[in-house]
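Accompanying notes for the structure given below.
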């Protein structure tokens, strides 16, 4: 079966090309689709098994990272995305995509008072940071990380610090295995609570992460490839392969 | 109704912005132990009730997990109570941050003071723009089941206006201190307004109706004095000879020019657009005699490239040089690459953030405006600042502190580059006190373009289509203009040289333009940069003729005159030449992604430039006069080499050498730039192969960056630069030669093919009306010619920025000018056949051999050893191009054969610094002896210690250190047989020490690697 991935782009999305390429390398057929096309005809999502929100600065990250596109999804596409996930399909948000999924309520439904359960806010450093981090997969809940224990991937963001609304939120997420990806010891680049780098919904099929798996597909993308022995594929490729295999 | 929403960090969340202000106030010496609570907010004007505003706040503007909001109407009599709760007062518990250094007023006798900072009306405020659209969307979805439409377009026609602001509560400050702090840290007067105390606006609207009036400038009867006055007061900056040429032209026509005709001529003939000084007639004299140039640049730098292309014949890999917005060279079977570097110096001096922001935005448009549009694939940035430790109280009036300039410039590049999704992969920073009032900001852009899309040709009859941002009063004359011209309000509207960019607008333009290019919807494209439509239409239509309907250009606000529309330099605009039958498809494509595209005119055969505003013709000029009518600039240039002085240095002991090494590593030019690099997304687009920081802990200084422009391919490009303003104080010929050598060897060190490196020149100089200043530039240009030809390395593009001087008043009525040092940046774009053969500079394995390649001479002039030891004199490094070529070829051959484990070029600080950097990047030690070093010593008898010092710290060109495994040593050495000097100096060691023994075997450097690394990392670890 040919797996089709919709890589959604909006004004300011800027990792769509390499994300589409990663899906292609994983054996899927990706299309880069402008959000306006989906707003005009939400039905076009029916053609896809995977929806991916790639990194970038959607609408400039004006107001807050992922806020404006997140609101668009919530206001105009909530039903359509619900249908998408109910059909057993996958949604992946990377970096800005994760911010959008959180702020839209698609990943964690809002509470009764219409307030978010968690957010991704400014790094403790107060500035954008590009560096590589050691990650560990902390739960087997999400199919995106099946069979992966550890990954080495780059982060590149200013607003990636995970903060839950209450301590109770954190406990529940942890108990349900939704805190799927964590920065390993002493490698938390932004002050995220509980070292959370990635999160999934209750089904595990909607998942967001701050690090960029699409930037570690080939060995020469690794910062130390000239000094260490590298496997044939970068750590990030597995995430995309897992998505494709999920339907296989 | 005008509403105000203030947003504070929630109790328990860090008061991040407040702490940042406190920290920077301490750094700049403005206040120590400052207590500051920062907030931000929105003024929202529209027909909205309280419930709707609350909905907007919670739905859109507030992150309720980490923030709290205060909401009120500015007209509310209770407003004072709502918005001005002293943090020490009743709201204390809610506002005081639990963490961070500030938040509690420990001295209640001085109340908290409130400062608001707002972008001036007319200044680009991307957040406000986005908020306006999102508010409309938010309201529509909340109150009805509106069909989903395009969110950006939805705001038009809706009456919601937004202005953003920042808000600071400061404890324990007097009025004077508060004003100083506001002026020097919280706000920049060039683009922002400061309001002490509460906001007292009742409306936000700007702009007023424009009433058409054609302005004629009575030029024909003016005498010389009046012409000069007209040029100055009209901000035309034309010389008397040029004014008289214009006058004669209109006398011949029997009429006076309109204001916009005069402006068009002034812009076309400006230094910025025509480079008239360097392409002018120059009589040059130096110690070799006299030389007469008819067109200096053409006869030096361009000529070198032409000569090489002739030599190469069929093998010529240059595609388009010195004519398009960027230089273009062959990359592979499918693609070419282009490269352009621009400067944005004066805007960055006034408003570092906006200047650097729009500087990068502008050069990215150069890539997009090359051929039929190149995809920008990486960026470079090089900065020159005064030293960051310049005492705050020594600053002349009106000069920003270099730390603040650096913070602003780095943020400006970061925010534009990161948002565009273009990795900033290479750069450098140079510090010299002479950059105090005149910092330099060089921004470069590399683009990838299909081979069959590398040329453009506008056709007669094509529509002229403006795509992207709207036109405002931005950048007109580089001067601030007052509200009297625009609005009846008392607020000032800022335009001027200072602008803020909106990267997302440009990103949207790039997305649609590349799609339109591939659908073949246009015949030509260029960017609207300096000179705006005037320059872009004028250049594109030069060979045809053009008619423009200025009233159709989309404007940001009402009130712009036809002349302002024509010369505005508003950002994020491109100009396309579109066949009539493709216009609809192009406009539909743009609309589908929310990009504005407007037909504003037509290329009409006949060689005339006609401007209309509604039915009125406001300009009618011939392209011939516009582009060929300017009288040539004639200049004298003289160069006299400064007198030679001896470099006298007698280091006493090993400790001296260790200390010199530590000081050079900690000098700001050499010190780690990780604070800058890590703020840039240098890996987006996923092409990164050699990163700016490399090594065992990802923190060693790479010589150059390598990226793969085509995902899945193995071919790469290497980006590097060379610059050393210190050498210019000795001889600008050797400065230029050294910069070229450095740029090439940096590319080479990571694995680039020396036969496929192209370079760019950027001359930033002082006032070239002075013959000595121009002489030093011409001398550098001659060196560029000589080196380019001998290296086989073509110049493909370049730019100059002259008159970089800062006039200051000493307070006693005397003024004096500080000229920047001659600052020639050479940027290089190299090519790598197979990126899997790239090499990085970090040491790899203990036991491997370390070789020095190249000859070390007694060339301490301008060296960093001299800088940190405060020593003058010496000989400046020269380049032996013939030897250098052999070295480069041999090093490249060794890399291609897979024999090199690490390679680092020798530049500032010479061998000692290079090997120290290799050690701490690799987390390994080294043991070396200077005994066998190949030298060209020396004219003067040196003592053994002086000799060792020279071998350690001389900055002779064309040198590398290579790490080679024992097993490959013989094969490696065989490649360097013959004339190419290469000697084994020692080994990579386990452990934590760098040990270097001198020529007699006595120790001369003995240092802990960790200490050297600390000395290097700390100074700029901000």
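Chains as they are written, first to last, in our numbering: chain A, 253 to 500; chain B, 239 to 1260. Backbone N, C-alpha and C fix where the C-beta goes; we use that ideal spot for every residue, glycine too.
(1) Using a Cβ-Cβ cut-off of 7 Å (strictly less than) and excluding sequence neighbours within five positions of residue 967 of chain B, which residues of its own chain qualify?
(2) Which whole-angstrom value is the C-beta distance of residue 942 of chain B and residue 958 of chain B, which I expect to be below 8 Å?
(3) Please report the residue range of the beta strand (DSSP E) in which residue 404 of chain A lies.
(4) Would you mind telling me which residues of chain A sit closer than 7 Å to residue 921 of chain B, beta carbon to beta carbon, in chain order?
(5) Between residue 1202 of chain B and residue 1042 of chain B, which are expected to be in contact by the criterion C-beta below 8 Å, what is the C-beta distance as a whole number of angstroms?
(6) Please check if any C-beta of chain B sits within less than 9 Å of the C-beta of residue 267 of chain A.
(7) Counting Cβ pairs closer than 8 Å, one from the stretch 337 to 352 of chain A and one from the stretch 457 to 471 of chain A, do we hit at least three?
(8) I'd like to know if residue 386 of chain B contacts chain A, where contact means its C-beta is closer than 9 Å to some C-beta of that chain.
(9) So, at 7 Å on beta carbons, what are the nonlocal neighbours of residue 334 of chain A in its own chain, with the 5 sequence-adjacent residues on each side left out?
(10) Give me, in chain order, the residues of the same chain whose beta-carbon lies closer than 6 Å to that of residue 820 of chain B; leave out the 5 immediate sequence neighbours on both sides.
(11) Leaving out the 5 sequence neighbours to the left and right, which residues in its chain are closer than 7 Å to residue 363 of chain A when beta-carbon positions are compared?
(12) So what does DSSP say about residue 1235 of chain B, is it helix, strand or coil?
(13) Using beta-carbon positions only, say whether residue 972 of chain B and residue 1021 of chain B come within less than 9 Å of one another.
(14) Exposed or buried, which one is residue 1248 of chain B when buried takes at least 16 other CB atoms within 10 Å?
(15) State the Cα-Cα distance for the pair residue 1165 of chain B and residue 1243 of chain B, rounded to the nearest angstrom.
(16) Using the C-alpha atoms, what's the distance from residue 920 of chain B back to residue 307 of chain A?
(17) Let me make sure I understand the geometry here. Which of B:498, B:291 and B:531 has the alpha-carbon closest to that of residue 514 of chain B?
(18) List the whole-angstrom C-beta distance separating residue 1189 of chain B from residue 1235 of chain B, where the pair is believed to meet the contact cut-off of C-beta under 8 Å.
(19) Less than 9 Å between the C-beta atoms of residue 462 of chain B and residue 438 of chain B, yes or no?
(20) Excluding sequence positions up to five away, which residues of its chain have a Cβ less than 7 Å from the Cβ of residue 477 of chain A?
(21) Let me know if residue 1023 of chain B comes out buried or exposed under the rule of 16 or more other beta-carbons within 10 Å of its beta-carbon.
(22) DSSP on residue 262 of chain A, reduced to helix/strand/coil?
(23) What residues in the stretch 825 to 856 of chain B have a beta carbon less than 8 Å from any beta carbon of chain A?
(24) In whole angstroms, what separates the C-alpha of residue 612 of chain B from that of residue 876 of chain B?
(25) For the putative contact between residue 775 of chain B and residue 793 of chain B, defined by C-beta atoms under 8 Å, what is the C-beta separation to the nearest angstrom?
(26) If we cut at 9 Å on Cβ distances, does residue 605 of chain B have a partner in chain A?
(27) Check whether the stretch 465 to 475 of chain B and the stretch 499 to 512 of chain B are in contact - that is, three or more C-beta pairs closer than 8 Å.
(28) To which residues does DSSP link residue 241 of chain B through a beta bridge?
(29) Could you spell out the range, first to last residue, of the alpha helix (DSSP H) harbouring residue 710 of chain B?
(30) Does the beta carbon of residue 332 of chain B sit closer than 9 Å to a beta carbon anywhere in chain A?
(31) By the criterion of Cβ-Cβ separation under 9 Å, what are the contact partners of residue 1209 of chain B in chain A?
(32) Enumerate in chain order the residues of its own chain whose CB-to-CB distance from residue 388 of chain B is below 7 Å, with the five nearest sequence positions on each side excluded.
(33) Is residue 308 of chain B closer than 9 Å to residue 246 of chain B when the C-beta atoms are compared?
(34) Apart from the five residues just before and just after residue 487 of chain B, which ones in its own chain have a Cβ nearer than 8 Å to its Cβ?
(35) Would you say residue 1231 of chain B lies against chain A (beta-carbon separation less than 9 Å)?
(36) Assuming residue 704 of chain B contacts residue 813 of chain B under a Cβ cut-off of 8 Å, what Cβ separation, rounded to an integer in Å, is found between them?
For this structure:
(1) Start at 1 with the first residue of the second chain, and residue 967 of chain B comes out as number 729. Cβ contact annotation for residue 967 of chain B (same chain, cutoff 7 Å, sequence separation greater than five): 1059 and 1100, in chain order.
(2) For the purposes of this step, residue 942 of chain B is identified with residue 704 of the second chain, where counting begins at 1. For the purposes of this step, residue 958 of chain B is identified with residue 720 of the second chain, where counting begins at 1. About 4 Å separates the CB atoms of residue 942 of chain B and residue 958 of chain B; that is less than 8 Å, so the two are in contact.
(3) Along the first chain, one-based indexing puts residue 404 of chain A at 152. It spans 402 to 409 - the beta strand (DSSP E) in which residue 404 of chain A sits, taken as one unbroken run.
(4) Within the second chain, the letter at position 683 stands for residue 921 of chain B. Here the neighbours are 382, 406, 408 and 467.
(5) Working through the second chain from its first residue, we reach residue 1202 of chain B at position 964. Working through the second chain from its first residue, we reach residue 1042 of chain B at position 804. Actually they are not in contact, since the Cβ atoms of residue 1202 of chain B and residue 1042 of chain B sit about 44 Å apart, beyond 8 Å.
(6) Stepping through the first chain from its first residue, residue 267 of chain A is reached at position 15. For residue 267 of chain A, the answer is yes, since a Cβ of chain B falls inside 9 Å of its Cβ.
(7) Yes, the stretch 337 to 352 of chain A is in contact with the stretch 457 to 471 of chain A.
(8) Within the second chain, numbered from 1, the residue matching residue 386 of chain B stands at position 148. With a pLDDT of only 44 at residue 386 of chain B, under the threshold of 50, the placement of this residue in the model should not be trusted, and no figure is reported.
(9) The residue you call residue 334 of chain A lines up with position 82 of the first chain. Hits under 7 Å: none found.
(10) Working through the second chain from its first residue, we reach residue 820 of chain B at position 582. These residues qualify, in order along the chain: 759.
(11) Position 111 of the first chain, counting from 1, holds the residue named residue 363 of chain A. The beta carbon of residue 363 of chain A is closer than 7 Å to those of 369 in its chain, skipping five residues each way along the sequence.
(12) As a position in the second chain, residue 1235 of chain B is number 997, starting the count at 1. DSSP places residue 1235 of chain B in the strand class (E or B) of the three-state scheme.
(13) Position 734 of the second chain, counted from the first residue, corresponds to residue 972 of chain B. Position 783 of the second chain, counted from the first residue, corresponds to residue 1021 of chain B. Less than 9 Å divides the Cβ of residue 972 of chain B from the Cβ of residue 1021 of chain B.
(14) Residue mapping note: residue 1248 of chain B aligns to position 1010 of the second chain, counting from 1. Around the beta carbon of residue 1248 of chain B, fewer than 16 other beta carbons lie within 10 angstroms, which makes this residue exposed.
(15) The sequence position of residue 1165 of chain B within the second chain is 927, counting from 1. The sequence position of residue 1243 of chain B within the second chain is 1005, counting from 1. Cα to Cα, the separation comes out at about 10 Å.
(16) What you label residue 307 of chain A is simply residue 55 of the first chain in a count that begins at 1. What you label residue 920 of chain B is simply residue 682 of the second chain in a count that begins at 1. It is roughly 14 Å from the alpha-carbon of residue 307 of chain A to the alpha-carbon of residue 920 of chain B.
(17) Taking the second chain and counting its residues from 1, the one referred to as residue 514 of chain B is at position 276. When C-alpha distances from residue 514 of chain B are compared across B:498, B:291 and B:531, the shortest belongs to B:531.
(18) As a first step, residue 1189 of chain B must be located in the second chain, where it is residue number 951. As a first step, residue 1235 of chain B must be located in the second chain, where it is residue number 997. Contact doesn't hold; Cβ gap of about 11 Å is too wide.
(19) Here the question's residue 462 of chain B lines up with position 224 in the second chain. Here the question's residue 438 of chain B lines up with position 200 in the second chain. In this structure, residue 462 of chain B lies away from residue 438 of chain B, with their beta-carbon atoms at least 9 Å apart.
(20) Counting from one through the first chain, the residue named residue 477 of chain A turns up at place 225. Around residue 477 of chain A: 471.
(21) As a working note, residue 1023 of chain B is residue 785 in the second chain. Burial call: buried.
(22) Mapped onto the first chain, residue 262 of chain A falls at position 10. DSSP places residue 262 of chain A in coil when its eight states are reduced to three.
(23) Listed in sequence order: 830, 831 and 832.
(24) In the second chain, counting from the first residue as 1, residue 612 of chain B sits at position 374. In the second chain, counting from the first residue as 1, residue 876 of chain B sits at position 638. If I take the Cα positions, the gap works out to 41 Å.
(25) Reading the second chain from its first residue, position 537 is the one you call residue 775 of chain B. Reading the second chain from its first residue, position 555 is the one you call residue 793 of chain B. Going by Cβ atoms, the distance from residue 775 of chain B to residue 793 of chain B rounds to 17 Å, so no, they are not a contact pair.
(26) Counting from 1 along the second chain, the entry for residue 605 of chain B is found at position 367. So no, residue 605 of chain B is outside the interface.
(27) Contact between the stretch 465 to 475 of chain B and the stretch 499 to 512 of chain B is present, with at least three C-beta pairs closer than 8 Å.
(28) Here the question's residue 241 of chain B lines up with position 3 in the second chain. The partner list for residue 241 of chain B (beta bridge, DSSP) reads B:282 and B:311.
(29) Here residue 710 of chain B corresponds to residue number 472 of the second chain, with the count starting at 1. Element bounds for residue 710 of chain B: n/a, residue is neither H nor E.
(30) Counting from one through the second chain, the residue named residue 332 of chain B turns up at place 94. Low confidence applies here, because residue 332 of chain B scores a pLDDT of 35, under 50, leaving its location unreliable; read the following figure in that light. Chain A, which has no Cβ nearer than 9 Å to the Cβ of residue 332 of chain B, makes this no.
(31) For the purposes of this step, residue 1209 of chain B is taken as the residue at position 971 of the second chain. Residues of chain A passing the Cβ test: none, with the nearest at roughly 19 Å.
(32) Taking the first residue of the second chain as position 1, residue 388 of chain B is located at position 150. Note on residue 388 of chain B: pLDDT 42, under 50, position unreliable in the model; the coordinate value appears next. Leaving aside the five residues that flank residue 388 of chain B on each side, the residues in its chain whose CB is nearer than 7 Å to its CB run, in chain order, 832.
(33) Within the second chain, the letter at position 8 stands for residue 246 of chain B. Within the second chain, the letter at position 70 stands for residue 308 of chain B. Cβ distance < 9 Å, so residue 246 of chain B and residue 308 of chain B count as in contact.
(34) As a position in the second chain, residue 487 of chain B is number 249, starting the count at 1. Contacts found: 863 and 867.
(35) Start at 1 with the first residue of the second chain, and residue 1231 of chain B comes out as number 993. Chain A contact via Cβ: absent.
(36) Residue mapping note: residue 704 of chain B aligns to position 466 of the second chain, counting from 1. Residue mapping note: residue 813 of chain B aligns to position 575 of the second chain, counting from 1. Taking the Cβ atoms as the reference, residue 704 of chain B lies roughly 6 Å from residue 813 of chain B, within the contact range of under 8 Å.
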